[in-house]
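Below is one structure, written out as structure tokens, with a few remarks after it.
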Amino acid sequence: MKIGVLGAGQLGQMMALSGYPLSNRFTFFDTTGNPSADIGHTISDPNGQQLSSFLSQVDIVTYEFEHLPIELVKQVASKKPLYPGVEALGVCQNREAEKSLFDRLHIPVAQYRIVESAPELAEACDELMQQGAKAVVAKSITEGYDGKGQAVIRASEEAADAWQRIGHSRLIVESFVDFVREVSIIAVRSRSGDVAFYPLAENHHVEGILRYSLAPLPDITEAVQQQAERYIHQLLDSLDYVGVLTLELFQCADGRLLANEMAPRVHNSGHWTQNGAVTSQFENHLRAIQGLPLGSTKATAPTCMINIIGKMGDAESLLRLDGVHLHLYGKDERPGRKLGHINVVADDLPSLLEKVRLISTFLPQAPEPLFYCDSSY
Ligand code: AMP
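Last residue of the sequence shown: number 379 in the working numbering, and the count goes up by one each step with no gaps.
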């Protein structure tokens, strides 16, 4: 099958790498003018002039990037099967719509307010703090990713400055969640409605950018895993979703999960599945959208994904280590840029953590790898 992908970054590239053995071939449609996928055929077309040509080259269309012009995506869906559908994309592009969906499905979230001015932002800060929040997080309703378009506010006097810095006309303000860790669940739903769930991963962010994901987690009870599965299953069914969906959650000290946000695509916190699960998230996404049976989502070994950010580091030393898999995206070094990732697998958690600590010393500016699932944390 010829697969069209909206977006042309590393997620699309890795999707294609897993699709070649299934005899899939790929055409990417880039709307940013800055494509990086270096496999298959890429049409870079920020003005949407070549959409018909793109559509004539593909059987079905998916996406690897959610900040796409919705009108363009609707046009695509009117001409070719599009998975996941327009509704899922629309919800995930808008934090307000996303939170409303969580509310409708009774999926718990941090308390929040919607505001449209600096004074309203200050008022919402006071209100949420009176209800017990130590701080609040203001986020743009649209276009935010990797911590961009956000500000943590500790007192309502900081609201005017935060409003100015974010520079949007409508914000969502959330209570700052005093979580013990961030986790994510990735699930996949097929065209016939079959669903499979990957085990929860523990995620570490620095300045909004994911640095480490570790899975499976030895300290997640069956009940917490099943709770996360129930939440994402409800989302998948309510959106009649086809493909891989990611739900990011905060885990509180009492084990409770609060939904943060979702992504209608393969996700950085699922890269560990390339080397640590029977079927990777990329292959399962492709299976799902083509109406093929889903592959097992079982973890095969304790695995940690380590992002390579900004600077490459010592690749040769990394490759000398047992259990290390290097995935580079072919990008030039630039501060804050995701250049690639490492998946490291081990027989057990202590040896995995030891390897992760060693690997972090080969990567410039890698944060100290500290995991909640490590009892010595
Ligand atoms: P987001 O773009 O919503 O995923 O936010 C990026 C990161 O900011 C998250 O991964 C968290 O580390 C942090 N964050 C976002 N919202 C909250 C919140 N309500 N409470 C605490 N931390 C948050």
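Heads up, the beta-carbon is just placed ideally off N, CA and C, and yes, glycines get one too.
Note that the coordinates shown come from a computational prediction; the quantities given were computed from them, not determined experimentally.
Note the first and the last residue of the continuous alpha helix (DSSP H) segment covering residue 286. 283 to 291
Does the Cβ-Cβ distance between residue 279 and residue 245 come in under 8 angstroms? Cβ atoms of residue 279 and residue 245: not closer than 8 angstroms.
Heavy atom of the ligand AMP less than 7 angstroms from the Cβ of residue 284, yes or no? No, the ligand AMP has no heavy atom inside 7 angstroms of this Cβ.
Would you check whether the ligand AMP has a heavy atom nearer than 7 angstroms to the C-beta of residue 178? yes
Output needed for residue 198: all residues of its chain with C-beta closer than 6 angstroms, excluding positions within five of it in sequence on either side, in chain order. 190, 296 and 299
Are the Cβ atoms of residue 176 and residue 205 separated by less than 8 angstroms? no
Check whether the region 76 to 94 touches the region 230 to 249, counting contact only when three or more Cβ pairs, one atom from each stretch, lie closer than 8 angstroms. yes
Residue 195 CB to nearest heavy atom of the ligand AMP below 7 angstroms: At a cut-off of 7 angstroms, the beta-carbon of residue 195 does not count as near the ligand AMP: no heavy atom of the ligand is closer than that.
Outcome for residue 218 when other beta-carbon atoms lying within 10 angstroms are tallied against a minimum of 16: buried
State the DSSP-derived secondary structure class of residue 80, mapped to helix, strand or coil. Here residue 80 sits in helix by DSSP.
Is any heavy atom of the ligand AMP found at a distance shorter than 7 angstroms from the C-beta of residue 112? Yes.
Counting only runs that start and end within the region 155 to 219, where is the beta strand (DSSP E) found for 3 or more residues in a row? 173 to 177, 183 to 191, 197 to 199, 203 to 208 and 211 to 217
Closer than 7 angstroms by C-beta to residue 94: which residues in its own chain qualify, once you throw out the five before and the five after it? Chain order, please. 68, 100, 264, 265 and 266
Out of 33, 338, 40 and 6, which one is the CA nearest neighbour of residue 208? 338
Would the region 157 to 176 count as touching the region 269 to 288 if we require 3 or more Cβ pairs under 8 angstroms? no
According to the neighbour-count rule (16 or more other Cβ atoms, all chains shown, within 10 Å of its Cβ), is residue 150 buried or exposed? Per the 10 Å Cβ criterion, exposed.
How far does the alpha helix (DSSP H) with residue 313 in it reach, from first residue to last? Note, residue 313: premise wrong, no alpha helix (DSSP H); not H, not E.
Where residue 129 falls: helix, strand or coil (DSSP): helix
How many Å lie between residue 51 and residue 355 at the Cα? 49 angstroms
Would you mind reading off the limits of the alpha helix (DSSP H) that contains residue 103? 97 to 106
Residue 377 - DSSP class collapsed to helix/strand/coil: Judged by DSSP in its simplified three-state form, residue 377 adopts coil rather than helix or strand.
Can you tell me whether residue 141 sits near the ligand AMP, meaning its C-beta is under 7 angstroms from at least one heavy atom of the ligand? yes
Buried or exposed for residue 214, going by 16 or more other Cβ atoms inside 10 Å? With 16 or more Cβ atoms within 10 Å of its Cβ, residue 214 is classed as buried.
Keeping to the same chain, check which residues put their C-beta closer than 8 angstroms to that of residue 29; ignore five residues upstream and five downstream. 4, 5, 6, 7, 42, 43, 44, 45, 56, 59 and 60
Do the CB positions of residue 358 and residue 305 come within less than 8 angstroms of each other? no
State yes or no: is the C-beta of residue 9 nearer than 7 angstroms to some heavy atom of the ligand AMP? no
If we require 3 or more residues per run, which beta strand (DSSP E) segments fall completely within the region 217 to 251? Within the region 217 to 251, no complete beta strand (DSSP E) run reaches 3 residues.
Find the nearest neighbour of residue 118 within the set 136, 134 and 142, judged by alpha-carbon distance. 142
Mind checking whether residue 140 and residue 157 have CB atoms under 8 angstroms apart? no
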